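**Q** Below is a structure I'd like to ask you about.
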Amino acid sequence: MSIQTIEDTKVKAFPAKPAEVIAFTAKARRRFDPLAIAGKVASALVPPIIVIALMLVVWQIACSSPTSSLPPPTQVWNEAYDLIAHPFFDNGPQDIGLAWRVLISLQRVAIGFGLAAVVGVALGALVGQSIWAMRGLDPVFQILRTVPPLAWLPLSLAAFRDSSPSAIFVIFITSIWPIIINTAVGVRNIPEDYRNVSRILRLNQFEFFVKIMVPAAAPYIFTGLRIGIGLSWLAIVAAEMLTGGVGIGFFIWDAWNSSRLPDIIVALAYIGVTGFCLDRLVAAVGAFVTRGTTAK
């Protein structure tokens, strides 16, 4: 047996790889491309414009006969031109433009829907945390939410004895149910890991509500808010037809009593556009708060 000394040991050297230099470059900024922006705008606007134009053509053809009981678009334009061209005119308390009437109705919607949002989210969060509360109150919610808005109006008039608070109550009682139900479902679906984290951090009930419960259930909450804002707008228009005043709903009822069908059609267009804007507004706020996790 031979002993190999250190001097006899052969060391095999492996050639080292040449050093590599990695350069970190800043991410290139997106350049402003007006053509791309114009293409996106066109793809969003052109289809509905085409559909609306086709609907106007069909409407014109269908209602141009002398036996038609509805006015064609050309007649609506001629007879209701002042309402279309001057939405903000003000000739007195009862003689105002449709834009002012819409704003008056929106004030009532803001109060009623705001109260429904606050109460609905709080009550929904409370119900969502208790399985017994969910089982006990869910049938009540399901029954009350099917009551039509106008069915609440006689009770509200008897209770408040005034048209404005009665209309606000109808908005509140109509829009609160989807907010409560969706909030409760969102709270029930909060992952258990989130609750464990709150226990580790020793969060109190208020901190748990603000920091964990509301952010986690936000997609459900804003879904309920979108449904609620649509119901609010429907309710105020229907309520104003019976309670009077200067809102857009009473304008439609007054125009019907005066046989001004072109004015009614223009008012319906105002109602539809306003409802669409309200829905888009709540959807945009929801997408911003939830970082795009809600439906657009």
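The working numbering numbers the first residue of the sequence shown as 1 and each following residue consecutively.
Just so you know, even glycine gets a beta-carbon here, dropped at the ideal spot from N, CA and C.
If you're wondering where the values come from, they're calculated on a predicted model, not measured in any experiment.
1. Return the CA-CA distance between Ala239 and Ile173, expressed in angstroms with no decimal places.
2. Using only CA atoms, which one of Ser156, Ile212, Gln129 lies nearest to Val185?
3. If you measure between the beta carbons of Asp279 and Ile229, is that distance less than 8 Å?
4. Taking the alpha helix (DSSP H) that Val298 falls in, what are its first and last residues?
5. Can you give the beta carbon distance from Leu242 to Leu98, rounded, assuming they're within the 8 Å contact cut?
6. Assuming Val187 contacts Ala217 under a Cβ cut-off of 8 Å, what Cβ separation, rounded to an integer in Å, is found between them?
7. Can you grab the Cα-Cα spacing for the pair Ala284 / Gly224, in whole Å?
8. Going straight from the alpha carbon of Ala235 to that of Pro73, what length do you get?
9. Determine the DSSP secondary structure at Asp162, reduced to helix, strand or coil.
10. Can you have a look at Leu106 and say buried or exposed, based on whether 16 or more other CB atoms are within 10 angstroms of its CB?
11. Can you give the beta carbon distance from Asp90 to Ile96, rounded, assuming they're within the 8 Å contact cut?
12. Are there 16 or more other CB atoms within 10 angstroms of the CB of Phe251, so buried, or fewer, so exposed?
13. I need the straight-line Cα distance from Phe206 to Ile52, nearest angstrom please.
14. Is the distance from the Cβ of Gly124 to the Cβ of Thr67 below 8 Å?
15. Using 8 Å as the limit for Cβ to Cβ distance, is Met134 near chain B?
16. Between which two residues does the alpha helix (DSSP H) carrying Asp263 extend?
17. Can you tell me where the alpha helix (DSSP H) holding Arg202 begins and where it ends?
18. Do Phe113 and Ile171 come within 8 Å of each other at the CB atom, strictly closer than that value?
19. By DSSP, does Ile96 sit in helix, in strand, or in coil?
20. Nearest to Pro302 by CA position, among Trp177, Tyr220, Leu201, Phe160, is which residue?
21. Closest to Leu103 by C-alpha separation, out of Val246, Leu54, Phe288, Leu281, would be which residue?
**A** In brief:
1. On the sequence shown, residue 239 is found 239 positions in, with the first residue counted as 1. On the sequence shown, residue 173 is found 173 positions in, with the first residue counted as 1. Their backbone Cα atoms lie some 12 Å apart in a straight line.
2. Translated into the one-based positions of the sequence shown, residue 185 becomes position 185. The shortest Cα separation from Val185 among Ser156, Ile212, Gln129 belongs to Gln129.
3. For the purposes of this step, residue 279 is taken as residue 279 along the sequence shown, with counting starting at 1. For the purposes of this step, residue 229 is taken as residue 229 along the sequence shown, with counting starting at 1. Yes; because the gap between Cβ atoms is below 8 Å, this pair is in contact.
4. The displayed coordinates of the chain run from 1 to 296. Any statement about residue 298 would go beyond what the structure contains.
5. In the sequence shown, the residue the question calls residue 242 occupies position 242. In the sequence shown, the residue the question calls residue 98 occupies position 98. Leu242 to Leu98, Cβ: 20 Å. No contact.
6. Taking the sequence shown and counting its residues from 1, one reaches residue 187 at position 187. Taking the sequence shown and counting its residues from 1, one reaches residue 217 at position 217. About 5 Å separates the Cβ atoms of Val187 and Ala217, confirming a contact at the 8 Å cut-off.
7. The residue you call residue 284 lines up with position 284 of the sequence shown. The residue you call residue 224 lines up with position 224 of the sequence shown. Rounded to whole angstroms, Ala284 to Gly224 spans 14 Å at the Cα level.
8. Looking up residue 235 in the sequence shown gives position 235. Looking up residue 73 in the sequence shown gives position 73. Taking the CA atoms as reference points, Ala235 sits about 28 Å from Pro73.
9. Here residue 162 is taken as the residue at index 162 of the sequence shown, counted from 1. Reduced to three states, the DSSP call for Asp162 is coil.
10. Residue numbering aside, residue 106 sits at position 106 when the sequence shown is read from its first letter. Result: buried.
11. Translated into the one-based positions of the sequence shown, residue 90 becomes position 90. Translated into the one-based positions of the sequence shown, residue 96 becomes position 96. Confirmed, about 5 Å.
12. Locating residue 251 in the sequence shown gives position 251, counting from the first residue. By the 16-neighbour rule on beta-carbons within 10 angstroms, Phe251 is buried.
13. Reading the sequence shown from its first residue, position 206 is the one you call residue 206. Reading the sequence shown from its first residue, position 52 is the one you call residue 52. The straight-line gap from Cα to Cα measures roughly 49 Å.
14. Along the sequence shown, read from residue 1 onward, the residue named residue 124 stands at position 124. Along the sequence shown, read from residue 1 onward, the residue named residue 67 stands at position 67. Judged by beta-carbon spacing, Thr67 lies beyond the 8 Å limit of Gly124, meaning their Cβ atoms are not closer than that value.
15. No chain B appears in the structure shown, which is made up of a single protein chain.
16. Position 263 of the sequence shown, counting from 1, holds the residue named residue 263. Segment 261 to 289, the alpha helix (DSSP H) holding Asp263.
17. The residue given as residue 202 occupies position 202 in the sequence shown. Per DSSP, Arg202 belongs to no alpha helix (DSSP H) and is neither H nor E.
18. Locating residue 171 in the sequence shown gives position 171, where the first residue counts as 1. Locating residue 113 in the sequence shown gives position 113, where the first residue counts as 1. Cβ distance < 8 Å, so Ile171 and Phe113 count as in contact.
19. Stepping through the sequence shown from its first residue, residue 96 is reached at position 96. In the structure shown, the three-state DSSP call for Ile96 is strand.
20. With the chain covering only 1 through 296, there is no way to say anything about residue 302.
21. Sequence index remark: in the sequence shown, residue 103 carries index 103 (1-based). The residue from Val246, Leu54, Phe288, Leu281 with its alpha-carbon nearest to that of Leu103 is Val246.
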